[in-house]
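Q: Numbering (this note's numbering), first residue to last: 3 to 332. My structure is below; once you've seen it, I'll send some questions.
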């Protein structure tokens, strides 16, 4: 019935092809359920030869299953999938923070840090000797010439970042694994090559958070209507939940601009409050909360968010969709 009604896209969740991994990630489900779902959809499409339905899958990338990405791509392609959407994980439980397959430092922050780290190394110094406590004035190092020079160069690093409005979290950058980042980029490149050979559309997330942020939901003119008719601006703000951004807990509350049971959607869309929200998001003048050295601040931790440190009223500074990490069917 769904196929006959004109449904044009449908996405199944397949996070691995090893039964134990699939059941662990999708608790209470079994890989054989996906096998049957593909078979049902293939039969339905056969009965409706003129259907526009595209069948795809979403793969939530984690440390647990990243090595199964290529095998999963092969598995779903063999069962008739038209596309595969890969997203980084949004962590709802602090016990799974270490499962994320990305680092929170933006590509711009990584580029500046890496370049200055190499300069420091060329002078026979090691940036890993830098102690973040020096920033807080809690510990004054013995001012040896080498240490003093390194501190000067770190100050220059920070000055360049400030001049470019790039947020830097030095403790996080010092802990960052360049090897892991390189492995993820290599994996993504291999996945793209495989997808091309299989004839399946593949959409990958950012391996590193993007400095140049944008909201695809607002840019593409979307709105979300939830089960009760409430109108929301995006996937991030359509329901209430708690999640972990970096390693800190955050409460996210829905943003509602009206109900289609009470007002026409076009009236809600043109309402001043909704228009102002979209205009501000188009500008995207928000802090980089995930890269902020003092996050989480009191402004973010308030259960009822009012504004960020830029005095903006939209809670978009920590949005992982805008940085290219999270993706969903649109």
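No residue lacks a Cβ here, since even glycine has one placed at the ideal position from N, Cα and C.
What does a CB cutoff of less than 7 Å around residue 6 pick up in its chain, not counting 5 residues either side in sequence?
A: Indexing the chain shown from 1 puts residue 6 at position 4. Excluding positions up to five away in sequence, the list reads 50.
Q: Can you tell me which of the three DSSP states residue 302 falls into?
A: Mapped onto the chain shown, residue 302 falls at position 300. In this structure, residue 302 counts as helix in the three-state DSSP scheme.
Q: Taking one C-beta from the stretch 295-313 and one from the stretch 58-68 each time, how about it: are there three or more such pairs within less than 8 Å?
A: Verdict: no, contact absent.
Q: Quick one: what's residue 12 bridged to in DSSP?
A: In the chain shown, the residue the question calls residue 12 occupies position 10. DSSP, once it has assigned bridges, lists 57 as partnering residue 12.
Q: For residue 87, is the classification buried or exposed, using 16 other Cβ atoms within 10 angstroms of its Cβ as the cut-off for buried?
A: Position 85 of the chain shown, counted from the first residue, corresponds to residue 87. Looking at its Cβ environment, which holds 16 or more other Cβ atoms inside 10 Å, residue 87 is buried.
Q: By the 10 Å Cβ neighbour count, where 16 or more other Cβ atoms means buried, how is residue 17 classified, buried or exposed?
A: If you number the chain shown from 1, residue 17 lands on position 15. Burial call: buried.
Q: Which residue comes first and which comes last in the alpha helix (DSSP H) that contains residue 158?
A: The residue labelled residue 158 in the question sits at position 156 within the chain shown. Unbroken alpha helix (DSSP H) run through residue 158: 147-165.
Q: What residue from 123, 85, 78, 131 has the CA that sits closest to residue 56's CA?
A: Your numbering for residue 56 matches position 54 in the chain shown. Of the listed residues, the one whose Cα sits closest to residue 56 is 85.
Q: Can you check DSSP and say which residues form a bridge with residue 204?
A: Position 202 of the chain shown, counted from the start, is the residue given in the question as residue 204. 86, per the DSSP bridge assignment.
Q: From this set, 95, 89, 294, 59, which residue's C-alpha is nearest residue 78's C-alpha?
A: As a first step, residue 78 must be located in the chain shown, where it is residue number 76. Residue 59 is the option with its Cα nearest to residue 78.
Q: Considering residue 229, what are the terminal residues of the alpha helix (DSSP H) in which it resides?
A: In the chain shown, residue 229 corresponds to position 227, counting from 1. Where residue 229 is concerned, there is no enclosing alpha helix (DSSP H), given that its DSSP letter is neither H nor E.
Q: Are the Cβ atoms of residue 75 and residue 196 separated by less than 9 Å?
A: Locating residue 75 in the chain shown gives position 73, where the first residue counts as 1. Locating residue 196 in the chain shown gives position 194, where the first residue counts as 1. Against a cut-off of 9 Å, the Cβ pair of residue 196 and residue 75 comes out as a contact.
Q: Relative to the C-alpha of residue 250, which residue among 128, 192, 295, 109 is closest?
A: Numbered from its first residue, the chain shown carries residue 250 at position 248. Answer by Cα proximity: 295.
Q: Can you tell which of 98, 258, 231 has the C-alpha that lies nearest to the C-alpha of residue 248?
A: As a working note, residue 248 is residue 246 in the chain shown. Comparing Cα positions, the closest option is 98.
Q: Between the C-alpha atoms of residue 184 and residue 319, what's the straight-line distance to the nearest angstrom?
A: For this step, residue 184 is matched to residue 182 along the chain shown. For this step, residue 319 is matched to residue 317 along the chain shown. Distance between the alpha carbons of residue 184 and residue 319 is about 27 Å.
Q: Residue 226: which of 237, 278, 36 sits nearest, CA to CA?
A: Locating residue 226 in the chain shown gives position 224, counting from the first residue. Per the Cα distances, 237.
Q: Suppose contacts are defined by Cβ-Cβ distances below 9 Å. Is residue 256 in contact with residue 239 by that definition?
A: Position 254 of the chain shown holds residue 256. Position 237 of the chain shown holds residue 239. Contact: yes.
Q: Apply the 10 Å Cβ neighbour rule to residue 35 and answer buried if 16 or more other Cβ atoms are within range, or exposed otherwise.
A: What you label residue 35 is simply residue 33 of the chain shown in a count that begins at 1. Answer is exposed; the Cβ neighbour count stays below 16.
Q: Along the chain, where does the alpha helix (DSSP H) that runs through residue 283 open and close?
A: Residue 283 sits at position 281 when you count from the first residue of the chain shown. Unbroken alpha helix (DSSP H) run through residue 283: 274-285.
Q: Return the chain-ordered list of same chain residues with a C-beta closer than 8 Å to the C-beta of residue 209, the five sequence neighbours on each side being excluded.
A: Start at 1 with the first residue of the chain shown, and residue 209 comes out as number 207. The answer, listed in chain order, is 104, 183, 186, 187, 190.
Q: By DSSP, does residue 257 sit in helix, in strand, or in coil?
A: Taking the chain shown and counting its residues from 1, the one referred to as residue 257 is at position 255. Coil, per DSSP.
Q: For the structure I just gave you, are there three or more beta carbon pairs, one from the stretch 147-165 and one from the stretch 110-121, closer than 8 Å?
A: A contact exists between the stretch 147-165 and the stretch 110-121.
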